[in-house]
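Protein chains in written order, with numbering that gives the first Met the number 0: chain A, 0 to 230; chain C, 0 to 230.
There are 2 protein chains.
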Amino acid sequence: MGETSGLGRAALVRDGVELGERDVGLLREIDVTGSVARASTNLGRSRARALTRIEELESAFGDLVERQRGGSGGGGSRLTDDATRLLNRYERLQVALSATAHVPETVLEGTVSSIAGELADVETSVGTVRGLHDGVSLGDLVQVRIGADSLTVLEPAADPDPDSTSARNHLSGIVAEIEPGETVFTVHIEAGGAIFRALVTEDSVDRLGLAEGCGVVLTWKATATRLTHEV
Amino acid sequence: MGETSGLGRAALVRDGVELGERDVGLLREIDVTGSVARASTNLGRSRARALTRIEELESAFGDLVERQRGGSGGGGSRLTDDATRLLNRYERLQVALSATAHVPETVLEGTVSSIAGELADVETSVGTVRGLHDGVSLGDLVQVRIGADSLTVLEPAADPDPDSTSARNHLSGIVAEIEPGETVFTVHIEAGGAIFRALVTEDSVDRLGLAEGCGVVLTWKATATRLTHEV
DNA sequence: GCACGTTGTATCGTAGATGATTCAACGAAG
DNA sequence: CTTCGTTGAATCATCTACGATACAACGTGC
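As structure tokens, this is what we get:
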């Protein structure tokens with residue numbers, strides 16, 4: 000009986016070829032060791048397989064590894080600039096996915112009341128909420144998902160003119176619980192019968208004087224709100 | 000020569016067992032058809048394999064499928080409430096991951112100038128930016144990633160008192176380009192020599208009167224900013 | 001009691017990915 | 001010219017996931 004945890008696996012795709020974690024590990028080790036041979040033995044993998052894999056990747060992504068046969072030390076390999084750019088891109092994707100998989104979420108349920116392009120309005124227990132959808136229809140029962148990292152907490156006094164910001168969804172509530180971290184706190188806010196979770200830095204907690212029972216205003220962007228069908 | 004695109008694959012993990020897209024497809028089809036037999040033939044899969052897979056999943060996630068052997072129609076199967084909850088959770092994760100994989104990003108480079116717990120300050124071309132890291136050290140060269148869906152755009156006049164909001168990073172710039180969508184626009188904003196990309200709804204573009212050359216203020220949360228090593 | 005379609009279970013075959021092994025080709029350094 | 005450790009390339013073995021198949025067990029309805 001373990002805890003259920005979410006997991007996001009990153010991959011970069013081009014021309015049907017998928018560059019995944021395993022490939023990134025190989026390229027990194029080549030970068031470090033300077034040869035495919037050393038890299039593959041260090042990783043406990045077959046050198047032949049590594050080479051054919053590199054050619055598969057290069058057929059889609061272009062030159063990644065400059066290989067030289069013969070020469071001082073017998074030869075060697077080094078990554079191209081394209082390859083390091085690709086690795087950097089993969090790293091960003093990986094971190095971003097891991098983050099959204101692990102960040103707390105708040106989930107609302109409701110029915111779709113209007114649709115305009117990629118956006119839809121949903122009637123929920125906290126009022127109508129706007130978010131991005133991917134093929135819902137009028138009247139559908141949907142889940143509304145808001146990541147804790149995209150909720151902004153404001154002092155009620157600073158409640159901004161809704162016409163002057165691009166954050167369209169907003170709502171007032173009271174702090175129900177503050178779950179401490181090292182310097183990042185998860186603040187639970189009760190609003191309209193639902194519990195919202197927002198990630199807030201320690202010094203924001205101090206600046207805003209957040210404490211249980213405090214009244215606050217929540218703001219978040221429609222484009223950070225995702226709608227999914229309810230099964 | 001194709002376009003490189005990012006991809007996020009969702010999975011729920013528990014006790015080492017991974018519930019992925021394939022499993023979700025099976026469970027969904029069982030829910031629809033009412034039997035493992037019909038589900039597996041509909042999906043072109045082996046019924047025997049489907050049953051053993053269900054048992055693997057249940058060994059980690061608990062009862063998912065109530066199977067009845069014999070009876071009217073020969074028997075049948077239906078999902079437990081836990082299973083539908085799991086499917087809903089998977090759907091949210093899947094949509095959230097796909098979203099962060101496809102949303103435009105803005106990337107800054109810089110060096111870490113201070114670290115406090117999960118947070119770190121990075122000196123970049125646009126000034127010092129605060130974000131979440133996962134094991135960086137002082138002086139490290141890092142990438143700063145901000146998803147376009149977590150950037151908030153404000154009118155300069157409405158620039159809020161930084162002490163009244165939990166959005167700590169903020170910056171002024173001018174609109175360089177507006178990339179239209181159906182109802183969601185991608186606004187490119189030049190600030191400090193860098194180009195920021197923000198997702199903004201059509202009516203926010205109207206309300207704020209956004210157009211090329213406009214001065215605006217960008218705001219985003221430190222907890223929506225991710226730092227990764229540069230390779 | 002019999003028919004029916006499902007679940008339960010075991011065995012076999014296949015396809016794809018991967019490692020293991022081997023040998024040739026290479027080219028700078030000494 | 002020889003040495004050296006690499007790249008290049010082919011072949012074989014292995015492992016794993018999966019489908020194919022077959023048969024028993026089950027229980028409701030006729």
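For glycine and all other residues, C-beta sits at the position ideal for the given N, C-alpha and C.
Legend entry - Candidates 136(A), 33(A) and 88(A): closest to residue 68(A) by CA position: On the first sequence, position 69 is the one that residue 68(A) refers to. Comparing Cα-Cα distances from residue 68(A) to each of 136(A), 33(A) and 88(A), the minimum goes to 33(A).
Legend entry - Same chain, Cβ closer than 6 Å to residue 127(C), neighbours up to 5 away in sequence not counted: Taking the second sequence and counting its residues from 1, the one referred to as residue 127(C) is at position 128. Beyond the five residues adjoining it in sequence on each side, residue 127(C) comes within less than 6 Å, by CB distance, of 120 in the same chain, given in chain order.
Inset, instruction - Could you check what DSSP says for residue 151(A) in three-state terms: helix, strand or coil? - result: Along the first sequence, read from residue 1 onward, the residue named residue 151(A) stands at position 152. Strand, per DSSP.
Inset, instruction - Figure out for me which residue from 156(A), 171(A), 172(A) and 198(A) has the closest Cα to the Cα of residue 167(C). - result: By one-based count along the second sequence, residue 167(C) stands at place 168. The candidate whose alpha carbon is nearest that of residue 167(C) is 198(A).
Legend entry - Pair within 9 Å by beta-carbon distance, residue 64(A) and residue 79(A): Here residue 64(A) refers to the residue found at position 65 of the first sequence. Here residue 79(A) refers to the residue found at position 80 of the first sequence. For the 9 Å CB-CB criterion, residue 64(A) and residue 79(A) form a contact.
Inset, instruction - Note the first and the last residue of the continuous alpha helix (DSSP H) segment covering residue 80(C). - result: Walking along the second sequence from the start, residue 80(C) turns up at place 81. Membership of residue 80(C) in the alpha helix (DSSP H) is indicated by the continuous run 80-101.
Inset, instruction - Note down, in chain order, all residues in the stretch 155-174 of chain C with a beta-carbon under 8 Å from any beta-carbon belonging to chain A. - result: Taken in chain order, the members of the stretch 155-174 of chain C whose beta-carbon sits within less than 8 Å of a beta-carbon on chain A are 156, 157, 159, 160, 162, 163, 164, 165, 166 and 167.
Legend entry - Within 9 Å, strictly: CB atoms of residue 223(A) and residue 174(A): Your numbering for residue 223(A) matches position 224 in the first sequence. Your numbering for residue 174(A) matches position 175 in the first sequence. No, they are not a contact pair.
Legend entry - Local conformation of residue 230(C) per DSSP, three classes: On the second sequence, position 231 is the one that residue 230(C) refers to. Three-state result, residue 230(C): coil.
Inset, instruction - Might you give, ordered along the chain, the residues of its own chain that have their beta carbon closer than 6 Å to the beta carbon of residue 239(C), omitting 5 neighbours on each side? - result: Residue 239(C) falls outside the range modelled here, since chain C spans only 0 to 230, and no answer is possible.
Inset, instruction - Compare the Cα-Cα distances from residue 91(C) to each of 6(A), 50(A) and 85(A) and report the closest residue. - result: Looking up residue 91(C) in the second sequence gives position 92. Residue 6(A) is the option with its Cα nearest to residue 91(C).
Inset, instruction - Compare the C-beta of residue 87(A) against all C-beta atoms of chain C and say whether one is closer than 9 Å. - result: On the first sequence, residue 87(A) is found 88 positions in, with the first residue counted as 1. Output row for residue 87(A): interface = yes.
Inset, instruction - May I ask you to report which of helix, strand or coil DSSP gives residue 37(A)? - result: The count along the first sequence starts at 1 and reaches residue 37(A) at position 38. DSSP places residue 37(A) in helix when its eight states are reduced to three.
Legend entry - Selection from 17(A), 182(A), 187(A) and 192(A) that minimises the alpha carbon distance to residue 205(A): Stepping through the first sequence from its first residue, residue 205(A) is reached at position 206. Nearest of 17(A), 182(A), 187(A) and 192(A) to residue 205(A), Cα basis: 182(A).
Inset, instruction - Just confirm the distance between the C-beta atoms of residue 171(C) and residue 216(C), as a whole number of angstroms; I'd bet it's less than 8 Å. - result: The residue given as residue 171(C) occupies position 172 in the second sequence. The residue given as residue 216(C) occupies position 217 in the second sequence. Between residue 216(C) and residue 171(C) the Cβ distance is about 5 Å, and since that is below 8 Å, they are a contact.
Inset, instruction - May I ask you to list, following chain order, the residues of the stretch 185-211 of chain A that have a beta carbon less than 7 Å from some beta carbon of chain C? - result: If the cut-off is 7 Å between Cβ atoms, the stretch 185-211 of chain A has 198, 199, 200, 203, 206 and 207 near chain C.
Legend entry - Euclidean distance between Cα positions of residue 179(A) and residue 48(A): On the first sequence, residue 179(A) is found 180 positions in, with the first residue counted as 1. On the first sequence, residue 48(A) is found 49 positions in, with the first residue counted as 1. Distance between the alpha carbons of residue 179(A) and residue 48(A): 48 Å.
Legend entry - For residue 38(C) and residue 26(C), the rounded distance between their alpha carbons: Residue numbering aside, residue 26(C) sits at position 27 when the second sequence is read from its first letter. Residue numbering aside, residue 38(C) sits at position 39 when the second sequence is read from its first letter. Just so you know, the alpha carbons of residue 26(C) and residue 38(C) end up roughly 8 Å apart.
Inset, instruction - Show which residues of chain A have a CB atom less than 9 Å away from the CB atom of residue 110(C). - result: Working through the second sequence from its first residue, we reach residue 110(C) at position 111. Result: empty, since nearest Cβ-Cβ is about 15 Å, beyond 9 Å.
Inset, instruction - Mark residue 22(A) as exposed unless 16 or more other C-beta atoms lie within 10 angstroms of its C-beta, in which case mark it buried. - result: Counted from its first residue, the first sequence places residue 22(A) at position 23. Buried: at least 16 other Cβ atoms inside 10 Å.
Inset, instruction - Answer with yes or no whether the minimum CB distance from residue 133(A) to chain C is below 9 Å. - result: Here residue 133(A) is taken as the residue at index 134 of the first sequence, counted from 1. Judged by the 9 Å Cβ criterion, residue 133(A) is in contact with chain C.
Inset, instruction - Would you kindly report the start and end of the unbroken alpha helix (DSSP H) that includes residue 193(A)? - result: Sequence index remark: in the first sequence, residue 193(A) carries index 194 (1-based). Run containing residue 193(A): none in the alpha helix (DSSP H); it sits in the beta strand (DSSP E), 193-200.
Inset, instruction - Measuring only between beta-carbons, confirm whether residue 62(A) sits less than 9 Å from chain C. - result: Indexing the first sequence from 1 puts residue 62(A) at position 63. Chain C contact via Cβ: absent.
Inset, instruction - Find the residues of chain C that neighbour residue 130(A), judging by a C-beta separation of less than 7 Å, and give them in chain order. - result: Position 131 of the first sequence holds residue 130(A). Per Cβ cutoff of 7 Å: no residues; residue 130(A) is ~10 Å from chain C at best.
Inset, instruction - Compute every distance between the C-beta of residue 209(C) and the non-hydrogen atoms of the ligand COA, then say whether any falls below 8 Å. - result: No copy of the ligand COA appears in this structure; indeed no ligand is present at all.
Inset, instruction - Mind checking the stretch 141-156 of chain C against chain A and listing, in chain order, the residues whose C-beta falls within less than 9 Å of any C-beta there? - result: For the stretch 141-156 of chain C, the set of positions with a beta-carbon nearer than 9 Å to some beta-carbon of chain A reads 142, 144, 146, 147, 148, 149, 150, 151, 152, 153, 154 and 156 in chain order.
Inset, instruction - Name the one or two DSSP bridge partners that residue 173(A) has. - result: Residue numbering aside, residue 173(A) sits at position 174 when the first sequence is read from its first letter. Looking at the DSSP assignment, residue 173(A) forms a beta bridge with 189(A) and 214(A).
Inset, instruction - Work out the CA separation of residue 169(A) and residue 208(A) for me, nearest whole Å. - result: Residue 208(A) sits at position 209 when you count from the first residue of the first sequence. Residue 169(A) sits at position 170 when you count from the first residue of the first sequence. One C-alpha to the other measures close to 20 Å.
Legend entry - Separation of residue 137(C) from residue 227(C), as counted between CA atoms: Position 228 of the second sequence, counted from the first residue, corresponds to residue 227(C). Position 138 of the second sequence, counted from the first residue, corresponds to residue 137(C). Answer to the nearest angstrom: the Cα atoms are 13 Å apart.
Inset, instruction - May I ask you to report which of helix, strand or coil DSSP gives residue 51(A)? - result: Against the first sequence, residue 51(A) aligns to sequence position 52. Residue 51(A) carries a helical assignment under DSSP once its states are collapsed to helix, strand and coil.
Inset, instruction - Pull up the distance between the alpha-carbon of residue 3(A) and that of residue 142(C), whole angstroms please. - result: Residue numbering aside, residue 3(A) sits at position 4 when the first sequence is read from its first letter. Residue numbering aside, residue 142(C) sits at position 143 when the second sequence is read from its first letter. If I take the Cα positions, the gap works out to 30 Å.
Inset, instruction - Just mark residue 109(A) as buried or exposed, buried being the case when its beta carbon has 16 or more other beta carbons within 10 Å. - result: Translated into positions along the first sequence, residue 109(A) becomes position 110. Here residue 109(A) is buried, its C-beta having at least 16 other C-beta atoms within 10 Å.
Inset, instruction - Work out the CA separation of residue 145(C) and residue 221(A) for me, nearest whole Å. - result: If you number the first sequence from 1, residue 221(A) lands on position 222. If you number the second sequence from 1, residue 145(C) lands on position 146. About 17 Å.
Inset, instruction - With 9 Å as the threshold, decide whether the Cβ of residue 80(A) is near any Cβ in chain C. - result: The count along the first sequence starts at 1 and reaches residue 80(A) at position 81. It does not; no Cβ of chain C falls within 9 Å.
Legend entry - Euclidean distance between Cα positions of residue 44(C) and residue 31(C): For the purposes of this step, residue 44(C) is taken as the residue at position 45 of the second sequence. For the purposes of this step, residue 31(C) is taken as the residue at position 32 of the second sequence. So the two alpha carbons sit approximately 16 Å from each other.
Legend entry - Partner residues on chain C for residue 11(A), Cβ-Cβ distance less than 8 Å: Working through the first sequence from its first residue, we reach residue 11(A) at position 12. Those are 3, 4, 5 and 6, listed as they occur along chain C.
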